[in-house]
Amino acid sequence: SSALVWFRRDLRDFDHAALYHALKRFPQVFCVFVFDTAILDVLPKRADRRVEFIHASVVELDAALREKGGGLIVRHGAARDVIPALAASLRVTAVLANGDYEPAAIARDEDVAERLRVQGIAFESFKDQVIFEKSEVLTKSATPFSVFTPYKRAWLAALTDFHLKAYPVEKYAAHLAPLPAGESIPSLAEMGFEPTNLQEVGITPGMAGGRKLIDDFVRRIDRYKARRDFPASKGVSYLSVHLRFGTVSIRELARLAHARGGEGADTWLSELIWRDFYFQILWHNPHVVGASFRPEYDRVRWDDAPDLFAAWCEARTGYPIVDAAMRQIAHSGYMHNRLRMVVASFLTKDLGIDWRLGEKYFADELNDFDLSANNGGWQWAASTGCDAQPYFRIFNPVNQSEKFDPDGSFIRRYLPELAKVPDKFIHAPWTMPPIDQKLAGCEIGKDYPAPIVDHAKARERTLARFGVVKSAE
Ligand code: FAD
2 SSALVWFRRD LRDFDHAALY HALKRFPQVF CVFVFDTAIL DVLPKRADRR
52 VEFIHASVVE LDAALREKGG GLIVRHGAAR DVIPALAASL RVTAVLANGD
102 YEPAAIARDE DVAERLRVQG IAFESFKDQV IFEKSEVLTK SATPFSVFTP
152 YKRAWLAALT DFHLKAYPVE KYAAHLAPLP AGESIPSLAE MGFEPTNLQE
202 VGITPGMAGG RKLIDDFVRR IDRYKARRDF PASKGVSYLS VHLRFGTVSI
252 RELARLAHAR GGEGADTWLS ELIWRDFYFQ ILWHNPHVVG ASFRPEYDRV
302 RWDDAPDLFA AWCEARTGYP IVDAAMRQIA HSGYMHNRLR MVVASFLTKD
352 LGIDWRLGEK YFADELNDFD LSANNGGWQW AASTGCDAQP YFRIFNPVNQ
402 SEKFDPDGSF IRRYLPELAK VPDKFIHAPW TMPPIDQKLA GCEIGKDYPA
452 PIVDHAKARE RTLARFGVVK SAE
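Using the UniProt record's numbering, the first residue of the sequence shown is number 2, and each one after it goes up by one.
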């Protein structure tokens with residue numbers, strides 16, 4: 002008998018739960034990846050770094066599987082049709098995949114499982130992309146956590162060597178079925194996509210790209226806690242896009258951090274636990290897609306301000322730290338975590354715009370876009386989420402800038418028009434006297450925008466806006 006392993010967000014041939022289980026149990030294992038038109042057709046842009054990243058990773062994965070005697074069948078079509086049809090034509094008895102926690106993916110998998118069932122083919126899914134999933138970590142009263150710190154404590158207490166152990170795929174690699182004749186991988190152009198600047202911005206896709214970043218980060222991990230909040234310096238791992246597409250293994254990363262210990266590695270492990278935390282939040286609370294985690298926060302009335310929203314998207318707010326961050330995401334598809342918090346707070350608390358608009362913009366732009374973490378991050382910043390920033394704690398964008406980009410080097414990297422603005426004005430250039438504007442070659446309102454909002458006034462408006470929540474409590 003034979004099986005089909007369906008790759009999705011797990012584009013690697015090592016430490017892979019579904020592949021391991023299939024190879025162990027079946028003498029013949031086929032592998033498939035589907036460029037799912039249900040997902041691709043609704044992407045807003047035809048040049049999409051994620052599609053290019055996936056494509057290059059799929060090419061690499063196929064080569065890696067061929068090396069082991071197998072290969073990757075690659076299709077472009079609706080997964081809900083392609084998978085049952087392929088399973089039937091290959092005459093497999095089961096389709097195995099790693100589980101997903103997003104409502105749309107869950108619905109797709111249920112649909113595919115049902116179509117397979119009527120053909121007499123089993124569908125099995127495995128935990129792979131997280132350390133703990135679903136209800137594996139619960140409170141003492143057996144309810145899901147909604148606060149991070151106790152979740153983390155319980156997560157660490159539940160952790161054993163078993164959870165960090167790699168699935169030894171190599172052991173049964175002989176069971177990989179050779180690629181059927183005539184298979185080839187459709188090109189990006191054939192699927193209607195255009196090339197992006199992925200390479201130019203220094204992102205190497207695939208397992209090779211993930212490996213390179215891990216090797217680089219282990220040399221810096223001890224300094225992670227001290228340096229992670231400064232976007233101008235290389236303090237973080239940049240592994241998020243690889244975690245998103247499974248070109249690295251979460252078990253390997255958690256094992257590495259756990260074994261290393263010390264404040265750098267412990268802090269980094271905490272971030273990986275945040276990732277698990279938001280996955281289980283989404284699993285237990287699918288209503289967070291589109292609505293506040295805490296329903297009373299859906300009373301908040303956001304402003305309808307398309308011009309301000311456009312200024313935010315297009316890096317024209319007049320607040321350099323916000324604009325530099327928005328240029329970073331537009332240019333590279335990445336934004337530093339500190340800046341994600343700053344711009345999300347700015348959109349919701351300074352511009353009074355609904356967090357869902359920012360969430361959608363990030364979803365379209367981020368290479369590492371993950372529904373769970375993105376929704377969690379936005380609801381945290383908007384104060385509508387689980388364990389969120391309280392609504393009365395409002396980031397001051399100028400203070401954030403002074404604190405986390407003290408000499409303005411990140412700002413200047415992305416806003417060359419401010420290159421010659423003296424350090425003392427870089428965080429609030431509108432305070433620059435006309436003579437300094439002249440000297441810096443940067444006239445406010447002409448070369449760089451005047452601030453589109455006054456922070457102090459915006460703060461008062463936000464406190465009032467959230468009053469509806471307080472009065473309901
Ligand atoms: P590192 O600092 O090296 O952290 C290592 C890994 O831990 C990350 O790759 C990521 O997988 C995980 N991680 C770190 N912080 C968080 C967090 N707060 N929540 C969940 N996981 C975390 N992260 C995404 O992966 N996808 C998103 O779509 C996303 N959207 C966000 C939106 C907002 C508004 C905010 C405030 C945060 C968002 N994050 C998101 C979390 C975080 O900003 C990124 O994971 C991080 O910046 C990625 O860079 P890194 O890999 O260098 O992180």
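No residue lacks a Cβ here, since even glycine has one placed at the ideal position from N, Cα and C. Everything numeric in this text was worked out from a predicted model, so none of it was measured.
Quiz item: Taking 7 angstroms as the line, does the beta carbon of A292 fall inside it for any heavy atom of the ligand FAD?
Solution: Locating residue 292 in the sequence shown gives position 291, where the first residue counts as 1. Because no heavy atom of the ligand FAD lies under 7 angstroms away, the Cβ of A292 does not count as near it: no.
Quiz item: According to DSSP, what are the bridge partners of A95?
Solution: Position 94 of the sequence shown, counted from the first residue, corresponds to residue 95. Bridge partners of A95: A4, A123.
Exercise. Return the chain-ordered ranges of every beta strand (DSSP E) run that is complete within the region 272 to 304 and spans a minimum of 3 residues.
Key: none
Quiz item: Is the beta carbon of F278 sitting closer than 8 angstroms to the one on Y102?
Solution: Numbered from its first residue, the sequence shown carries residue 278 at position 277. Numbered from its first residue, the sequence shown carries residue 102 at position 101. No.
Quiz item: Expressed to the nearest angstrom, what Euclidean distance is found between the alpha-carbon atoms of R92 and A79?
Solution: Reading the sequence shown from its first residue, position 91 is the one you call residue 92. Reading the sequence shown from its first residue, position 78 is the one you call residue 79. For R92 and A79, the distance between alpha carbons rounds to 20 angstroms.
Exercise. Could you tell me the distance, in whole angstroms, from the CA atom of L73 to the CA atom of P181?
Key: Translated into positions along the sequence shown, residue 73 becomes position 72. Translated into positions along the sequence shown, residue 181 becomes position 180. About 9 angstroms.
Exercise. Specify the secondary structure class of I453 as computed by DSSP and reduced to three states.
Key: In the sequence shown, counting from the first residue as 1, residue 453 sits at position 452. Coil, per DSSP.
Quiz prompt | Secondary structure of I132, DSSP reduced to three states | solution = Taking the sequence shown and counting its residues from 1, one reaches residue 132 at position 131. I132: coil per DSSP, three-state reduction.
Practice problem: Examine the ligand FAD and report whether any of its heavy atoms sits within less than 7 angstroms of the Cβ of D369. | Solution: In the sequence shown, counting from the first residue as 1, residue 369 sits at position 368. Because some heavy atom of the ligand FAD lies under 7 angstroms away, the Cβ of D369 counts as near it: yes.
Quiz item: Going by DSSP, which residues form a beta bridge with C32?
Solution: On the sequence shown, position 31 is the one that residue 32 refers to. C32 pairs with V6, L73.
Exercise. Could you tell me the boundaries of the alpha helix (DSSP H) in which S333 lies?
Key: Working through the sequence shown from its first residue, we reach residue 333 at position 332. Note, S333: alpha helix (DSSP H), 321 to 333.
Exercise. Run the proximity test for M342: is its beta-carbon closer than 7 angstroms to any non-hydrogen atom belonging to the ligand FAD?
Key: As a position in the sequence shown, residue 342 is number 341, starting the count at 1. It does: the Cβ of M342 is within 7 angstroms (strictly closer) of some heavy atom of the ligand FAD.
Quiz item: Which residues in the same chain have their Cβ closer than 6 angstroms to the Cβ of S238, if we skip the five residues on either side of it in sequence?
Solution: Along the sequence shown, read from residue 1 onward, the residue named residue 238 stands at position 237. Contacts found: F218.
Quiz item: DSSP three-state call for I445: helix, strand or coil?
Solution: Here residue 445 corresponds to residue number 444 of the sequence shown, with the count starting at 1. If DSSP states are grouped into helix, strand and coil, I445 belongs with the strands.
Quiz prompt | Proximity test, R261 beta-carbon vs the ligand FAD heavy atom, cut-off 7 angstroms | solution = Within the sequence shown, the letter at position 260 stands for residue 261. No - the ligand FAD has no heavy atom lying nearer than 7 angstroms to the Cβ of R261.
Quiz item: Does any heavy atom of the ligand FAD sit closer than 7 angstroms to the C-beta of W381?
Solution: Looking up residue 381 in the sequence shown gives position 380. Yes - the ligand FAD has a heavy atom lying nearer than 7 angstroms to the Cβ of W381.
Quiz item: G193: which of R47, G468, D355 sits nearest, CA to CA?
Solution: Stepping through the sequence shown from its first residue, residue 193 is reached at position 192. Nearest of R47, G468, D355 to G193, Cα basis: R47.
Practice problem: With DSSP as the reference, label G353 as helix, strand or coil. | Solution: In the sequence shown, residue 353 corresponds to position 352, counting from 1. The answer is coil: DSSP assigns G353 none of H, G, I, E or B.
Quiz item: What's the gap between the Cα of A325 and the Cα of A312?
Solution: Within the sequence shown, residue 325 is the residue found at index 324, counting from 1. Within the sequence shown, residue 312 is the residue found at index 311, counting from 1. Taking the straight line joining both Cα atoms gives about 13 angstroms.
Exercise. Sort R154, V83, S333 by Cα distance to S271 and report the nearest one.
Key: Taking the first residue of the sequence shown as 1, we reach residue 271 at position 270. Answer by Cα proximity: R154.
Quiz item: Can at least three beta-carbon pairs, one atom from the region 353 to 373 and one from the region 406 to 423, be found at a separation below 8 angstroms?
Solution: no
Quiz item: In this structure, does DSSP put D37 in helix, strand or coil?
Solution: Indexing the sequence shown from 1 puts residue 37 at position 36. It is a strand residue.
Quiz item: Is the beta carbon of I427 sitting closer than 8 angstroms to the one on L440?
Solution: By 1-based counting over the sequence shown, the position of residue 427 is 426. By 1-based counting over the sequence shown, the position of residue 440 is 439. No, the pair does not count as a contact, with Cβ atoms beyond the cut-off.
Quiz item: Can you name the start and end residues of the alpha helix (DSSP H) that I215 belongs to?
Solution: On the sequence shown, position 214 is the one that residue 215 refers to. First-last of the alpha helix (DSSP H) with I215: 207 to 219.
Self-check item: First through last residue of the alpha helix (DSSP H) which encompasses F426
Solution: In the sequence shown, residue 426 corresponds to position 425, counting from 1. 424 to 427 is the extent of the alpha helix (DSSP H) around F426.
Quiz prompt | Residue range of the unbroken alpha helix (DSSP H) whose run includes P434 | solution = For the purposes of this step, residue 434 is taken as the residue at position 433 of the sequence shown. Where P434 is concerned, there is no enclosing alpha helix (DSSP H), given that its DSSP letter is neither H nor E.
Quiz item: Does at least one heavy atom of the ligand FAD sit under 7 angstroms from the Cβ of L157?
Solution: Along the sequence shown, read from residue 1 onward, the residue named residue 157 stands at position 156. No; taking the cut-off as 7 angstroms, the Cβ of L157 has no heavy atom of the ligand FAD nearer than that.
Exercise. Please confirm if the region 58 to 65 is in contact with the region 156 to 164, defined as three or more CB-CB distances below 8 angstroms between the two stretches.
Key: no
Quiz item: For the alpha helix (DSSP H) that contains V344, what are its first and last residues?
Solution: For the purposes of this step, residue 344 is identified with residue 343 of the sequence shown, where counting begins at 1. V344 -> alpha helix (DSSP H) spans 338 to 346.
Quiz item: Where Y173 and T268 are concerned, what is the direct C-alpha to C-alpha distance, given to the nearest angstrom?
Solution: Reading the sequence shown from its first residue, position 172 is the one you call residue 173. Reading the sequence shown from its first residue, position 267 is the one you call residue 268. Distance between the alpha carbons of Y173 and T268 is about 36 angstroms.
Quiz item: Does the distance from the CB of A95 to the CB of A57 come in under 8 angstroms?
Solution: Position 94 of the sequence shown, counted from the start, is the residue given in the question as residue 95. Position 56 of the sequence shown, counted from the start, is the residue given in the question as residue 57. Result no, Cβ atoms of A95 and A57 do not sit closer than 8 angstroms.
Practice problem: Could you name the residues of the same chain whose beta carbon sits closer than 7 angstroms to that of D11, not counting the 5 residues immediately before and after it, in chain order? | Solution: The count along the sequence shown starts at 1 and reaches residue 11 at position 10. Answer for D11: H17, N99, D129, Q130, G247, listed in chain order.
Quiz item: Rounded C-beta distance between W7 and V33? I'm assuming under 8 angstroms.
Solution: The residue given as residue 7 occupies position 6 in the sequence shown. The residue given as residue 33 occupies position 32 in the sequence shown. About 6 angstroms; that satisfies the 8 angstroms criterion.
Quiz item: Taking contact to mean at least 3 C-beta pairs separated by less than 8 angstroms, is the region 335 to 352 in contact with the region 224 to 233?
Solution: yes
Quiz item: Since C314 is in the alpha helix (DSSP H), which residue starts that stretch and which ends it?
Solution: Translated into positions along the sequence shown, residue 314 becomes position 313. First-last of the alpha helix (DSSP H) with C314: 307 to 314.
Exercise. Could you check how far apart the C-beta atoms of Y225 and G236 are, in whole angstroms? I think they sit under 8 angstroms.
Key: For this step, residue 225 is matched to residue 224 along the sequence shown. For this step, residue 236 is matched to residue 235 along the sequence shown. Their Cβ separation, rounded to whole angstroms, is 7 angstroms, which keeps Y225 and G236 in contact under 8 angstroms.
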